[in-house]
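S.K.:
Numbering (the working numbering), first residue to last: 13 to 255.
1. Would you check if the distance between the CB atom of residue 27 and the CB atom of residue 62 is smaller than 8 Å?
2. Give me the Cβ distance between residue 177 and residue 200, rounded to the nearest whole Å; I'm assuming they're in contact under 8 Å.
3. Excluding sequence positions up to five away, which residues of its chain have a Cβ less than 8 Å from the Cβ of residue 241?
4. Tell me the residue span of the alpha helix (DSSP H) that contains residue 157.
5. Indicate whether the contact test is met: 3 or more Cβ pairs, each with one atom in the segment 19–38 and one in the segment 93–109, closer than 8 Å.
6. Name the one or two DSSP bridge partners that residue 9 has.
7. Here's the rule I'm using: 16 or more other beta-carbon atoms within 10 Å means buried, otherwise exposed. How should residue 17 be labelled?
8. Taking just the CA atoms, how far does residue 67 sit from residue 104?
9. What residues match up with residue 217 in a beta bridge as DSSP calls it?
10. Assign residue 90 to one of two classes, buried (16 or more other C-beta atoms within 10 Å of its C-beta) or exposed (fewer than that).
11. With DSSP as the reference, identify every bridge partner of residue 120, one or two as the case may be.
12. Which of helix, strand or coil does DSSP assign to residue 209?
13. Quick check: residue 55 and residue 123, are their CB atoms within less than 8 Å of each other?
14. Can you tell me the Cα-Cα spacing of residue 80 and residue 112, whole angstroms?
15. Measure the beta-carbon distance from residue 107 to residue 167 and round it to whole angstroms, keeping in mind my assumption that it falls under 8 Å.
16. What's the gap between the Cα of residue 32 and the Cα of residue 115?
17. Let's test the definition: count the other Cβ atoms within 10 Å of the Cβ of residue 76 and tell me whether it reaches 16, buried, or not, exposed.
18. Between 41, 71, 37, 128, which lies nearest to residue 82 when the distance is taken from Cα to Cα?
19. What is the C-beta distance between residue 225 and residue 173, in whole angstroms, given that I count them as a contact (C-beta under 8 Å)?
20. Quick one: Cα of residue 53 to Cα of residue 72, how far?
21. Give the straight-line distance between the Cα atoms of residue 171 and residue 190, rounded to the nearest whole angstrom.
22. Given that a residue counts as buried once 16 or more other Cβ atoms are within 10 Å of its Cβ, and exposed if not, what is residue 29?
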């Protein structure tokens, strides 16, 4: 059953607990991408799901234009209704379509910025129903890491920026795919669930046709030893709450 949830930035989002719901990774990606985008950038989010990334980023970049691409019909329809609920039809467009067919949906080099919170897991990891919406969001059932990167290469203007959150264990594949598709890694930040635990997420910024030079930012720790959010995570949420 669908529900309407209040976002920290004052917008509302429609979600279905039976489908995939956004988590902290979406908030961290929006915050990470925000630091590298301009006020009038044209942004597309690949695999937008509920449309959470465009909804968050638009609240901070009100002069920008945002597109969310989503292959699952139910999720795309729900995201479009969330856009309408917030009266943002002139700022955010939701497109139902396949990342692997972006050349049929958009002109080449038509965006300054591409973001993506893609499926993390290779299809062989675990058992899943290929028709299940949660499995599609979590596993590479309908698209692969390289499909996402190739789409970003096609969509980005020269020197455009690509922002992604993924799993650290796939970093070798990520770097290989980025460089294969003319996207040079420029900024990276590892996300740790606790300070004494290994990272379970990685934030990456890549730039099209850029020279090699990678900046490794300080680790981002999500929780203190007592299980509460760290000051930095609270500041990130506070930022979105004050928009």
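Where a beta carbon is used, it is the ideal one built from N, C-alpha and C, also for glycine.
M.R.: Looking at the coordinates:
1. Yes, Cβ-Cβ distance for residue 27 and residue 62 is below 8 Å.
2. Actually they do not touch by this definition, with Cβ atoms about 11 Å apart.
3. Closer than 8 Å at the Cβ level, and outside the excluded window around residue 241, lie 234, 235, 249.
4. Where residue 157 is concerned, the enclosing alpha helix (DSSP H) stretches over 157–167.
5. Counting Cβ pairs under 8 Å, three or more are found: they touch.
6. Past the boundaries of the shown model lies residue 9; the chain is included only from 13 to 255, so the question cannot be answered.
7. Residue 17 comes out exposed.
8. Answer to the nearest angstrom: the Cα atoms are 8 Å apart.
9. In the DSSP output, where bridge partners are listed per residue, residue 217 has 175, 199.
10. In this structure residue 90 is buried. Its beta-carbon is surrounded by 16 or more other beta-carbon atoms within 10 angstroms.
11. According to DSSP, which records beta bridges pairwise, residue 120 is partnered with nothing at all.
12. Coil at residue 209, not helix or strand.
13. Residue 55 is a Cβ neighbour of residue 123, given a cutoff of 8 Å.
14. Approximately 15 Å between the Cα atoms of the pair.
15. Actually they are not in contact, since the Cβ atoms of residue 107 and residue 167 sit about 12 Å apart, beyond 8 Å.
16. Rounded to whole angstroms, the separation of the alpha carbons of residue 115 and residue 32 is 27 Å.
17. Classification of residue 76: buried, given that the 10 Å Cβ count is 16 or more.
18. Per the Cα distances, 128.
19. Rounded to whole angstroms, the Cβ separation of residue 225 and residue 173 is 14 Å, and the two are not in contact under 8 Å.
20. When rounded, the distance between both Cα atoms is 12 Å.
21. Roughly 14 Å separates the two Cα atoms.
22. With fewer than 16 other CB atoms across the displayed protein chains lying within 10 angstroms of its CB, residue 29 is exposed.
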